[in-house]
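K.L.:
For reference, the structure I am asking about is given below.
Protein chains in written order, with my numbering: chain A, 87 to 407; chain B, -11 to 274.
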């Protein structure tokens, strides 16, 4: 696709003191258009936060270039920052301000006129579920409420790109679901591009369209999750009881291939156009009782482990065509 | 439609000018500062002396009220450089306490709450943030220093006539310039202490102690080395020397106005450098 990337890195190197943290990264993120989410994954110390801080212009590249929304991170950040919203990982707020005053100030700093800023502050606080608490001082908020207030300040000015650094950190399951739902709405309904930095694979898998995996200051894998999901619809996991000794030989009847993992568990690759019903029918013909039949779901985890070197290859990969 | 019914929509309207955007910070900060009872009380208290001075100006311009007084005393009470210098000493004292009271609440909370990344991820540079914070203090202290001073000057011009303005306009200009110099020193000291000490009360005490300590060090240098140039590192003394030159009042013995002004400039540059080091969106562990 020929869309302008949200983030473009060209041999980007960043040094902090004598240590080189990012070692010549080159990539184009968000090429699939606006309203998409890019996940930045990696273990602690991989360089995710350094990359985000560089993109925001907080750290200067020692070599190479980084462009965000088409603007250079060294020279064009003044213009770019009106179009970016940033939610930092750690607590960041002004304790003695009410949420609505805090958001109004932040919106005005991003360039909104005072009246519009006040209106948007109220609007976004209701949107993130803090409407009833909007006149309370931020220091009285619980951790989950502070996370939501941080998200609110990141989107109050309606940015084109929202950078979220570990948005679900420390949230209980209900708050985590709500946060991910809001992120989903931001991209799907508001058309914002989202860059999420996280070490939680499930969060990335749930809301992101692209994923970038970093390790030791370098990008070790980049993938389009939507395409991976689409291709994974061909990979199914089957669990049966009964004598499955003839199943491997029978699979070509429906044009499929598969490997047994023992204990009645199989990984099968279906050809295009073949649906689950064919597998049910085949199992019935083999007098097998199907206990589980599902599409493979743990794609990103496998990709991540493979990128980290903990997995030699994706299971079933040798079967793919 | 009510906001809570409407739901969130991205803002796509016009934006304000980028050059004036940093003034958002002082505007909000002034609103919060004047909600503090102590700041408001001290500001009101600082208006007492200008009111007394206004009464004095009225008195000196109404000869009929001074008929019964000795001619020497009538000669003594005049609106001149000495009058404005006394006015400035008192108001400068109020400014010190106001700066110590309000200054620490400017940067320290932003550092303590890690708010700098939120500011700097917006179209606000470190320098415009520092300038905005400086404006908060300079603006607030102006209310008790050069603004009432200029009103007094205007009152005197109004009562004495245009001739007085033409022969004494340097007093007005000198007073404003002298106050602005003092406000810059005070504001930078308050900001530097606020940038390094996260607790407001301690930061206020540090900004007061800064002046006392430097006065002590200056005296120590003078006594140990039997010199008088040690005074230049005492900001209060140096400012007084500059004020005397600006108002045409006999200066105290010691280095002249130019070395004092240079010393003040050096102190301000050092304070600005100290503040600049602290105002970073991320702390880099090297």
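Just so you know, even glycine gets a beta-carbon here, dropped at the ideal spot from N, CA and C.
Let's see if you can read the secondary structure: which residues bound the alpha helix (DSSP H) around residue 98 of chain B?
P.N.:
Looking at the DSSP string, the run of the alpha helix (DSSP H) that includes residue 98 of chain B is 92 to 100.
K.L.:
Since residue 283 of chain A contacts residue 154 of chain A with CB under 8 Å, what's their CB separation in whole angstroms?
P.N.:
Going by Cβ atoms, the distance from residue 283 of chain A to residue 154 of chain A rounds to 14 Å, so no, they are not a contact pair.
K.L.:
So is residue 99 of chain A in contact with chain B if we call contact Cβ pairs under 8 Å?
P.N.:
Not an interface residue.
K.L.:
Give the residues of chain A in contact with residue 102 of chain B, contact being defined as C-beta atoms less than 9 Å apart.
P.N.:
Result: 174, 176, 177, 178, 179.
K.L.:
Shorter than 8 Å from the beta carbon of residue 110 of chain B to some beta carbon of chain A?
P.N.:
At least one chain A Cβ lies under 8 Å of residue 110 of chain B.
K.L.:
Considering only DSSP beta bridges, list what residue 232 of chain A is partnered with.
P.N.:
Partner(s): none; residue 232 of chain A has no beta bridge.
K.L.:
Are the Cβ atoms of residue 322 of chain A and residue 379 of chain A separated by less than 8 Å?
P.N.:
The answer is yes: Cβ separation under 8 Å.
K.L.:
From A:346, A:310, A:343, pick the residue whose C-alpha is nearest to that of residue 119 of chain A; which is it?
P.N.:
It is A:310 whose Cα lies nearest to the Cα of residue 119 of chain A.
K.L.:
Expressed to the nearest angstrom, what Euclidean distance is found between the alpha-carbon atoms of residue 87 of chain A and residue 161 of chain A?
P.N.:
Since pLDDT at residue 87 of chain A reaches only 48, below the 50 mark, its modelled position is unreliable, and the value read off the structure follows with that caveat. One C-alpha to the other measures close to 27 Å.
K.L.:
Quick check on DSSP: helix, strand or coil for residue 144 of chain A?
P.N.:
Residue state, collapsed to three classes: coil.
K.L.:
Cutting at 8 Å between CB atoms, please list the residues of its own chain near residue 265 of chain A, excluding the five before and the five after it.
P.N.:
Excluding positions up to five away in sequence, the list reads 233, 234, 237, 253, 254, 257.
K.L.:
If we cut at 8 Å on Cβ distances, does residue 0 of chain B have a partner in chain A?
P.N.:
Chain A contact via Cβ: present.
K.L.:
Taking residue 237 of chain B as the reference, give the member of B:183, B:-6, B:170, B:159 with the closest Cα.
P.N.:
For residue 237 of chain B, the nearest C-alpha among the options comes from B:159.
K.L.:
Residues of the stretch 154 to 173 of chain A with a CB closer than 7 Å to any CB of chain B: list them in chain order, please.
P.N.:
Flagged, chain order: 164, 167, 168, 170, 172.
K.L.:
Which of the three DSSP states is assigned to residue 401 of chain A in this structure?
P.N.:
Note on residue 401 of chain A: pLDDT 48, under 50, position unreliable in the model; no value is reported.
K.L.:
Considering Cα atoms alone, identify which of A:241, A:279, A:350 is closest to residue 121 of chain A.
P.N.:
That would be A:279, whose Cα lies nearest to the Cα of residue 121 of chain A.
K.L.:
If we define contact as Cβ-Cβ less than 8 Å, is residue 4 of chain B a contact residue for chain A?
P.N.:
Chain A contact via Cβ: present.
K.L.:
On the CB-based measure, 16 or more other CB atoms within 10 Å of its CB, does residue 402 of chain A come out buried or exposed?
P.N.:
Any answer about residue 402 of chain A is weak, because its pLDDT of 49 lies below 50 and its placement is not dependable; what the coordinates show is given next. Residue 402 of chain A should be labelled buried.
K.L.:
Among B:194, B:155, B:176, which residue has its Cα nearest to the Cα of residue 235 of chain B?
P.N.:
For the residues B:194, B:155, B:176, the minimum Cα distance to residue 235 of chain B belongs to B:155.
K.L.:
Kindly indicate if chain B contains any beta-carbon less than 8 Å away from that of residue 182 of chain A.
P.N.:
Chain B contact via Cβ: present.
K.L.:
Identify which residue in A:231, A:307, A:390, A:329 has its Cα closest to the Cα of residue 371 of chain A.
P.N.:
Ranking A:231, A:307, A:390, A:329 by Cα distance to residue 371 of chain A puts A:329 first.
K.L.:
So which residues on chain B does residue 206 of chain A lean against when the C-beta distance must stay under 7 Å?
P.N.:
Per Cβ cutoff of 7 Å: -1.
K.L.:
So who's on the other strand from residue 252 of chain A, going by DSSP bridges?
P.N.:
Its beta-bridge partners do not exist; DSSP assigns none.
K.L.:
Within the chosen definition, does the stretch 336 to 351 of chain A reach the stretch 294 to 309 of chain A through at least 3 CB pairs nearer than 8 Å?
P.N.:
Too few Cβ pairs lie closer than 8 Å, so no.
K.L.:
Can you tell me whether residue 139 of chain B is buried or exposed? The criterion is at least 16 other CB atoms within 10 Å of its CB, across all chains shown.
P.N.:
Exposed: under 16 other Cβ atoms inside 10 Å.
K.L.:
Who are the near neighbours of residue 294 of chain A in its chain, counting only those whose CB is closer than 7 Å to its CB and skipping five residues on each side?
P.N.:
Answer for residue 294 of chain A: 123, 124, 125, 282, 311, listed in chain order.
K.L.:
Return the residue from the list B:259, B:102, B:54, B:133 that minimises the CA-CA distance to residue 35 of chain B.
P.N.:
For residue 35 of chain B, the nearest C-alpha among the options comes from B:133.
K.L.:
Please classify residue 14 of chain B as buried or exposed, where buried requires at least 16 neighbouring CB atoms within 10 angstroms.
P.N.:
By the 10 Å Cβ count, residue 14 of chain B comes out buried.
K.L.:
Quick check on residue 296 of chain A: does DSSP put it in helix, strand or coil?
P.N.:
Residue state, collapsed to three classes: strand.
K.L.:
Helix, strand or coil for residue 180 of chain A, going by three-state DSSP, please let me know.
P.N.:
Coil at residue 180 of chain A, not helix or strand.
K.L.:
Give the secondary structure of residue 155 of chain B by DSSP, where H, G and I count as helix, E and B as strand, and everything else as coil.
P.N.:
Reduced to three states, the DSSP call for residue 155 of chain B is helix.
K.L.:
Give a yes or no on whether the minimum CB-CB distance between residue 390 of chain A and chain B is below 8 Å.
P.N.:
With 8 Å as the cut-off, residue 390 of chain A does not count as an interface residue toward chain B.
K.L.:
Below 8 Å CB to CB, which residues in the same chain sit around residue 210 of chain A once its five sequence neighbours on both sides are set aside?
P.N.:
The residues are 189, 238, 241, 242.
K.L.:
May I have the straight-line CA-CA distance separating residue 28 of chain B from residue 260 of chain B, to the nearest angstrom?
P.N.:
Approximately 28 Å, taken between the alpha carbons.
K.L.:
Looking at chain A, which residues of the stretch 11 to 38 of chain B have a Cβ within less than 7 Å of any of its Cβ atoms?
P.N.:
Residues passing the 7 Å Cβ filter: 12, 16.
K.L.:
What separation, rounded to the nearest whole angstrom, lies between the Cα atoms of residue 144 of chain A and residue 108 of chain B?
P.N.:
Answer to the nearest angstrom: the Cα atoms are 8 Å apart.
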